[in-house]
Amino acid sequence: MRKKYVVSVDLGGTNVKFALVKGKKIISRREIPTKAYKTKDALLKGIVGEVREIISALQTYEVCNYKPRRFVKVAGIGIGTPGLVDYKKGVVHHLVNIKGWKDVPVASILRKALGVPVVLDNDVNLMALGELAAGAAKGAKNAVCITMGTGVGGGIIIDGKIYRGSSLSAGEIGHTPVTLKGPKCNCGGWGCLEKYVGNKAIVGRYRGTFLGPRQNHSGATKLRLTPEEISRKARRGDRAAVRTWKETGECLGMALTGVVNLLNPEVIVIGGGVAGAGKFLFGPLRDTVRKRAMDLPARTVKIVRVKLGNDAGLVGAAELVLSGLRIKN
Ligand SMILES: [Zn+2]
7 MRKKYVVSVD LGGTNVKFAL VKGKKIISRR EIPTKAYKTK DALLKGIVGE
57 VREIISALQT YEVCNYKPRR FVKVAGIGIG TPGLVDYKKG VVHHLVNIKG
107 WKDVPVASIL RKALGVPVVL DNDVNLMALG ELAAGAAKGA KNAVCITMGT
157 GVGGGIIIDG KIYRGSSLSA GEIGHTPVTL KGPKCNCGGW GCLEKYVGNK
207 AIVGRYRGTF LGPRQNHSGA TKLRLTPEEI SRKARRGDRA AVRTWKETGE
257 CLGMALTGVV NLLNPEVIVI GGGVAGAGKF LFGPLRDTVR KRAMDLPART
307 VKIVRVKLGN DAGLVGAAEL VLSGLRIKN
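Here the sequence shown stands for residues 7 to 335, numbered as in my numbering.
Written out as structure tokens, the structure is:
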């Protein structure tokens with residue numbers, strides 16, 4: 007059967023990414039800064055315009071490939087978005103940086119404007135689906151995908167499908183408590199993993215301003231130092247940088263020990279800026295899981311970095327459309 011085309015959209019906080027995907031392969035892409043769309047209506051109108059252009063360019067692409075046909079249709083539009091999403095209703099509850107965004111029925115608005123099915127999901131769920139389809143978790147049935155940045159997000163795949171939980175909020179590994187007491191978190195809890203292995207904590211560890219469980223690491227945002235820079239320093243032999251990754255790996259390893267014991271996944275895929283730390287992070291991380299997790303699941307699990315990188319979410323969005331998921335809108 008001919009592989010169908012899908013238009014994937016990734017509504018990121020910095021950029022809105024668009025891609026034409028054929029099967030699991032990205033054929034073309036474009037990126038627009040999110041700040042170009044100031045309001046809800048501007049963003050929705052912008053998406054409609056871009057998707058129309060991509061569909062019209064698809065006609066030219068098909069003709070160039072000597073497959074002239076009357077009109078090539080796309081199977082649907084797949085959209086990934088950060089935060090809370092009701093994939094069943096096609097509603098995005100909240101979108102940072104966009105004024106007036108509250109409980110917007112994105113799928114139904116876009117379906118009416120474009121005349122094709124529209125599905126959407128949390129971006130980390132789609133990243134997990136993409137890595138499962140064509141990336142580091144290819145062929146796995148049970149996998150956990152973790153994305154690390156300012157926040158720490160997770161997507162869980164069980165039996166080849168996204169596990170969403172009873173109120174669709176599963177996967178929030180960044181808000182797993184890793185200590186009895188600890189810094190307050192904007193999720194409402196305290197002592198969350200994100201406060202220990204998020205970008206701010208990593209930079210704070212390097213600077214020596216990470217003050218441990220009872221205090222916030224408020225000095226961490228001074229000057230611009232990124233995990234990528236700390237990775238470069240580690241490769242040049244900077245001992246503080248090596249120690250930073252060791253501590254981060256051990257702390258993440260502690261949380262992943264829980265994941266390994268609880269879910270017994272075949273693979274845990276890690277993405278985001280920290281993945282570039284390579285052996286400096288993954289060494290202590292794997293060691294910790296090997297030592298602390300139960301023997302059988304610890305021997306089974308592979309802990310690897312993402313393969314598709316920023317493309318994972320776009321491929322995953324196409325997978326979601328092609329999986330035949332339909333929503334009522
Ligand atoms: Zn939290």
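The beta carbon of each residue, even a glycine, is placed where N, CA and C say it ideally should be.
Predicted, not measured: the structure shown is a model, and the values here were computed from it.
Residue nearest to Val13 within the set Gly141, Val57 and Val22 is Val57 (criterion: CA-CA distance). Going by DSSP, Ala81 is part of the beta strand (DSSP E) stretching over Val80 to Thr87. About 6 Å separates the Cβ atoms of Asp16 and Asp129, confirming a contact at the 8 Å cut-off. Under the DSSP assignment, Pro233 falls in the alpha helix (DSSP H) whose first and last residues are Pro233 to Arg241.
Two segments are said to touch when three or more pairs of C-beta atoms, one from each, lie closer than 8 Å; by this definition the segment 173-186 touches the segment 198-217.
DSSP, reduced to helix, strand and coil, places Asn103 outside both helices and strands of the structure shown, so it counts as coil. Per the C-alpha coordinates, the member of Phe286, Lys285 and Lys308 positioned closest to Arg296 is Lys308. Taking all protein chains in view, the Cβ of Cys193 is surrounded by fewer than 16 other Cβ atoms within 10 Å, so the residue is classified as exposed. DSSP places Asp129 in the uninterrupted alpha helix (DSSP H) bounded by Asp129 to Ala140.
Judged by DSSP secondary structure, Cys257 falls within the alpha helix (DSSP H) whose first and last residues are Arg245 to Leu269. Comparing alpha-carbon positions, the option among Lys10, Asn270 and Gly106 lying closest to Tyr43 turns out to be Gly106. By the criterion of a C-beta distance shorter than 7 Å, Gly82 is surrounded in its chain by Val12, Val122, Pro123, Val124, Val125 and Val327, once the five residues flanking it on both sides are discounted. Around the CB of Val98, 16 or more other CB atoms lie within 10 Å, so the residue is classed as buried. With a 10 Å radius around the Cβ and a threshold of 16 neighbouring Cβ atoms, Val22 comes out buried. Contact between the segment 273-293 and the segment 245-256 is present, with at least three C-beta pairs closer than 8 Å. Taking the CA atoms as reference points, Gly141 sits about 5 Å from Lys313.
Counting the other CB atoms within 10 Å of its CB gives Val102 a total below 16, which places it among the exposed residues. Looking at Asn270, Met154, Lys28 and Thr45, the one whose alpha-carbon comes closest to that of Thr306 is Asn270. Proximity to ligand 1 was defined by a C-beta distance below 6 Å to any of its heavy atoms, and the residues meeting it, in sequence along the chain, are His181, Cys191, Cys193, Gly195, Cys198 and Glu200.
Per the DSSP secondary-structure output, Asp92 pairs in a beta bridge with Val97.
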